[in-house]
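Heads up: the sequence shown begins at 1 in full-length UniProt numbering, then just goes up one per residue.
No residue lacks a Cβ here, since even glycine has one placed at the ideal position from N, Cα and C.
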Amino acid sequence: MLGSTHGTLTTDSRRARAIACGEHSQQVVHGSPAEAGDVDVSGRPLYAAVPDLDRFFSPESVAVVGASDTEGRPNTGITRQLLAWAERVGARLHPVHPTRQSVFGIPCSPSVADLPEQVDLAVLLVSDPLPVIDELAQAKVKFAVAFASGFAETGADGSAAQQRLAAAVARADGLRLLGPNTNLNAFERFRDDLDGPAIALITQSGHQGRPVFSLQELGVRLSHWAPTGNEADLETADFISYFAERPEVGAIACYIEGLKDGRAFLLAADRAARRGVPVVAVKVGRTETGARTAATHTGKLTGADAVVDAAMRQFGVIRVDGLDELQDTATLLARAARPT
């Protein structure tokens, strides 16, 4: 179930009640901000804390596990791009590889435990990120990005592997994971010569976010790009909540193939609505073809489209039908003056 009706989303569980269709509710979550301890009629929390993702988007130090400088290897191109990104943003980058002495002239650590400093972020270029998770936890690493594919998008065996990965991250106190099956989009070059409110972009498919990212060429400011992939840990709702609190963000643009936790998504959308930050979303799955594409790309179940549509509308999410509409609507709302 994606979410509850107005009658169940109250800020006082003692006054919570079911509302018949069409009846006006006086005690809804939009009436006053939910706080820690507020629950709905089922006893579930109405309040979701905002994750602190500052060091994810602006790390001071980064480990690249599986770094390579051997020409022709996929990891080499990614390592090269990460080096360029680190130099551009002023982050310290530390390659990690068990057998290499150096990568692109930078001294290489044989393991995470041997890093010369505690890092904020680890980029995992290994085919199986699971064994690295415990090392990251012991090293007090706050964030990790897993590029590997072959998880929930591949079927039952991949789903089981993803569940094991998610469980390992849950045990690693303080570690948050982006991915698996994600990409380099979080490390794109964002123009710093553009003014005004920015669009923050969330996609589960990196390719589908490219048209929105290209809006910078037209003078539209973008501040962040979160390519969530299969969402074993960090999910769309986490980034909506975070972006809604960022002063530079004027609108949030989402390309959603499936919702990991529909209720968390609605609570995040509610937070954005309270902050006056519009959320514009393409949610695939209106057709059988779209649903199949989502399932095979990131392993997402799209859910009943009519339910998704109604829930988004109820919580102020502006659902659009394609990337052109996503670009135009997010741009308009990011730049529009807030109603008074």
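Q. How many angstroms separate the CA atom of Val220 from the CA atom of Arg88?
A. Sequence index remark: in the sequence shown, residue 220 carries index 220 (1-based). Sequence index remark: in the sequence shown, residue 88 carries index 88 (1-based). Roughly 21 Å between the two C-alpha positions.
Q) For Cys254, which residues from the same chain have a beta carbon less than 6 Å from its beta carbon, with the 5 sequence-adjacent residues on both sides left out? A) Position 254 of the sequence shown holds residue 254. Ile202 and Ala281.
Q: Going by CA-CA distance only, name the one from Tyr242, Pro116 and Pro110 that's closest to residue 341.
A: Examination of residue 341 is not possible in this model, given that the chain is present from 1 through 340 alone.
Q: Could you name the residues of the same chain whose beta carbon sits closer than 8 Å to that of Gly79, not counting the 5 residues immediately before and after it, in chain order?
A: Within the sequence shown, residue 79 is the residue found at index 79, counting from 1. Inspection of the sequence shows that residue 79 is occupied by Thr rather than by Gly. Correct list, in chain order: Val64, Ala67, Ser68, Asp69, Pro95, Val103, Phe104 and Leu125.
Q: Could you name each continuous beta strand (DSSP E) segment of 3 residues or more that falls completely within the UniProt domain "CoA-binding" (56-151), going from the start of the chain to the end?
A: 61-65, 92-96, 121-124 and 143-146
Q: Kindly provide the ranges of any alpha helix (DSSP H) runs that are 4 or more residues long and lie completely inside the segment 184-225, ordered along the chain.
A: 206-213
Q) Roughly how many whole angstroms lie between the Cα atoms of Asp128 and Gly43? A) The sequence position of residue 128 within the sequence shown is 128, counting from 1. The sequence position of residue 43 within the sequence shown is 43, counting from 1. Computed Cα separation, rounded: 38 Å.
Q.
Taking a contact to mean a Cβ-Cβ separation below 9 Å, would you say Glu248 touches Pro197 in this structure?
A. Translated into positions along the sequence shown, residue 248 becomes position 248. Translated into positions along the sequence shown, residue 197 becomes position 197. Closer than 9 Å, so yes.
Q: Using the Cα positions of Val169 and Pro59, report the straight-line distance between them to the nearest angstrom.
A: For the purposes of this step, residue 169 is taken as the residue at position 169 of the sequence shown. For the purposes of this step, residue 59 is taken as the residue at position 59 of the sequence shown. Cα to Cα, Val169 sits roughly 20 Å from Pro59.
Q | Element boundaries [alpha helix (DSSP H), containing Arg271] | A | On the sequence shown, position 271 is the one that residue 271 refers to. Note, Arg271: alpha helix (DSSP H), Gly262 to Arg274.
Q: Would you mind reading off the limits of the beta strand (DSSP E) that contains Arg176?
A: The residue labelled residue 176 in the question sits at position 176 within the sequence shown. Its beta strand (DSSP E) spans residues Arg176 to Leu178.
Q) How is the alpha helix (DSSP H) around Gly258 delimited, first residue to last? A) Locating residue 258 in the sequence shown gives position 258, where the first residue counts as 1. Counting along the chain, Gly258 falls outside any alpha helix (DSSP H), and DSSP gives it neither H nor E.
**Q.** Outcome for Leu178 when other beta-carbon atoms lying within 10 angstroms are tallied against a minimum of 16
**A.** Mapped onto the sequence shown, residue 178 falls at position 178. By the 10 Å Cβ count, Leu178 comes out buried.
(Q) I'd like to check one pair, Ala226 with Ala186: are the Cβ atoms closer than 9 Å? (A) For the purposes of this step, residue 186 is taken as the residue at position 186 of the sequence shown. For the purposes of this step, residue 226 is taken as the residue at position 226 of the sequence shown. For Ala186 and Ala226, yes; Cβs fall inside 9 Å.
Q: Would you give the residue range spanned by the beta strand (DSSP E) that Val282 belongs to?
A: In the sequence shown, the residue the question calls residue 282 occupies position 282. Val282 -> beta strand (DSSP E) spans Val279 to Lys283.
Q. Is the distance from the Cβ of Val284 to the Cβ of Ala244 below 9 Å?
A. Translated into positions along the sequence shown, residue 284 becomes position 284. Translated into positions along the sequence shown, residue 244 becomes position 244. Against a cut-off of 9 Å, the Cβ pair of Ala244 and Val284 comes out as no contact.
Q. Three or more C-beta pairs closer than 8 Å, one from the segment 98-117 and one from the segment 149-166: is that the case here?
A. no
Q. In whole angstroms, what separates the C-alpha of Ile199 from that of Arg92?
A. If you number the sequence shown from 1, residue 199 lands on position 199. If you number the sequence shown from 1, residue 92 lands on position 92. Distance between the alpha carbons of Ile199 and Arg92: 27 Å.
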